Every structure is written in C-alpha cells, then in structure tokens.
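Undergrad: Heads up: take any position in the sequence shown, counting from 1, add 120, and you land on my numbering. The C-beta atom is built at its ideal place from N, Cα and C for all residues, glycine as well. Keep in mind it's a predicted model, so treat the numbers as computed, not measured. After the structure tokens below, expect a handful of questions from me.
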Amino acid sequence: MAERVMNILLVEDDEVDIMNVKRAFKKVNIINPLYVATNGIEALAMLRSSNGKPPEVPNDRRLILLDLNMPKMGGIEFLQELRADPQLRPTPVVVMTTSNQDKDRVEAYNLNVAGYLLKPVTFNNFLELMATLNKYWTLCEMP
Numbered sequence: 121m122a123e124r125v126m127n128i129l130l131v132e133d134d135e136v137d138i139m140n141v142k143r144a145f146k147k148v149n150i151i152n153p154l155y156v157a158t159n160g161i162e163a164l165a166m167l168r169s170s171n172g173k174p175p176e177v178p179n180d181r182r183l184i185l186l187d188l189n190m191p192k193m194g195g196i197e198f199l200q201e202l203r204a205d206p207q208l209r210p211t212p213v214v215v216m217t218t219s220n221q222d223k224d225r226v227e228a229y230n231l232n233v234a235g236y237l238l239k240p241v242t243f244n245n246f247l248e249l250m251a252t253l254n255k256y257w258t259l260c261e262m263p
C-alpha cells in the first residue's frame, strides 16, 4: 500500500482550519503525510529543490489542498506561479476555500485545478469531505 501514499501539502493560513484538517485526517484514518504552508511563497519553497537539497515535500505523488484567501501570496497568485513552473505544473491542486465567488471559481478552473470545494461549516461535514477526498486520491492513478 506504500505506493498509494500521497504527499499532501495543505496551503492554509487559518490555524483553526489547519487543526480541523489534522483532526479530520486522524478521525477518518488518513495516513498520508501532511505538510503545511501558511502562504503561497512558503508553499513554493517547500515544493522546490534549493541548494542541492531535495524539496521538503517529496516530488512523487503530490497533492495540494489550497485555500485562496491568504496573506503574502494568495491562492490564485500561487496557482499562476505553480502552473508557470515546468517542474511543478503537473501537480494536482484541489481548492478548499470559503470563497463562493464565481470569479474565483472560474479563475481556479482556468488554472487547471482538480476541484473547487467550499469549506464545510460543521466539523462532521468536514470529516465527510476529507473521507471523500481520501477515497478520490486513493483511486486516482498518479505518476
């Protein structure tokens, strides 16, 4: 089952949402490694090699869970940078945000996101979302 492991990078600035993702992973037995970046700049640094060192988030079987509303570098700006980088371009991204604006949704899909999900209000709904995402990425054939 080790070949099914996903390296998940959560790009999120809200401590409560980070805690909810971690709690949900534990509650629904998601064992994939979870890396956390609090903004787009930090996330890009974690995805890239530097000074001959490998990236903090392993290159193989990566998935990014991305919030849109963040300081320093927001989600759309991050996506533009990610898609402009030939090394990072193929990385699947699922947007998980509170933004229900059509403009954000259209922009995100134009930048080839794998999905656009609204953050659930209740923790039980959040659990369901994480369990469904886990099932999805377990079934996906990824390089």
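Can you check whether the CB of LEU247 is closer than 8 Å to the CB of ALA144?
TA: On the sequence shown, position 24 is the one that residue 144 refers to. On the sequence shown, position 127 is the one that residue 247 refers to. Result yes, Cβ atoms of ALA144 and LEU247 sit closer than 8 Å.
Undergrad: Any idea what DSSP makes of MET139, helix, strand or coil?
TA: On the sequence shown, residue 139 is found 19 positions in, with the first residue counted as 1. It is helical.
Undergrad: Taking 7 Å as the limit between beta carbons, can you name the residues of its chain near SER170, skipping five residues before and five after?
TA: Here residue 170 refers to the residue found at position 50 when the sequence shown is read from its first residue. So no residue of the chain qualifies.
Undergrad: Confirm, please, whether the CB-CB distance from ASP187 to VAL131 is below 8 Å.
TA: Your numbering for residue 131 matches position 11 in the sequence shown. Your numbering for residue 187 matches position 67 in the sequence shown. Yes.
Undergrad: Between LEU167 and LEU199, is the Cβ-Cβ spacing less than 8 Å?
TA: In the sequence shown, residue 167 corresponds to position 47, counting from 1. In the sequence shown, residue 199 corresponds to position 79, counting from 1. No. Outside cutoff.
Undergrad: If you draw a straight line from the alpha carbon of PRO153 to that of VAL125, how long is it in whole angstroms?
TA: As a working note, residue 153 is residue 33 in the sequence shown. As a working note, residue 125 is residue 5 in the sequence shown. About 8 Å.
Undergrad: When DSSP builds the beta bridges, which residues end up paired with ASN127?
TA: In the sequence shown, counting from the first residue as 1, residue 127 sits at position 7. In DSSP, ASN127 forms a bridge with ARG182.
Undergrad: How big is the Cα-Cα spacing for ASN159 and MET190?
TA: Here the question's residue 159 lines up with position 39 in the sequence shown. Here the question's residue 190 lines up with position 70 in the sequence shown. Their backbone Cα atoms lie some 6 Å apart in a straight line.
Undergrad: Using CA coordinates, which residue listed in VAL136, ASP205, LYS239, GLY235 is at the minimum distance from TYR256?
TA: Within the sequence shown, numbered from 1, the residue matching residue 256 stands at position 136. If we check each option's Cα against that of TYR256, GLY235 comes out closest.
Undergrad: Can you tell me the Cβ-Cβ gap for LEU129 and TYR155, rounded? I've got them flagged as a contact below 8 Å.
TA: Along the sequence shown, one-based indexing puts residue 129 at 9. Along the sequence shown, one-based indexing puts residue 155 at 35. Contact between LEU129 and TYR155 holds, with the beta-carbon distance rounding to 5 Å and staying under 8 Å.
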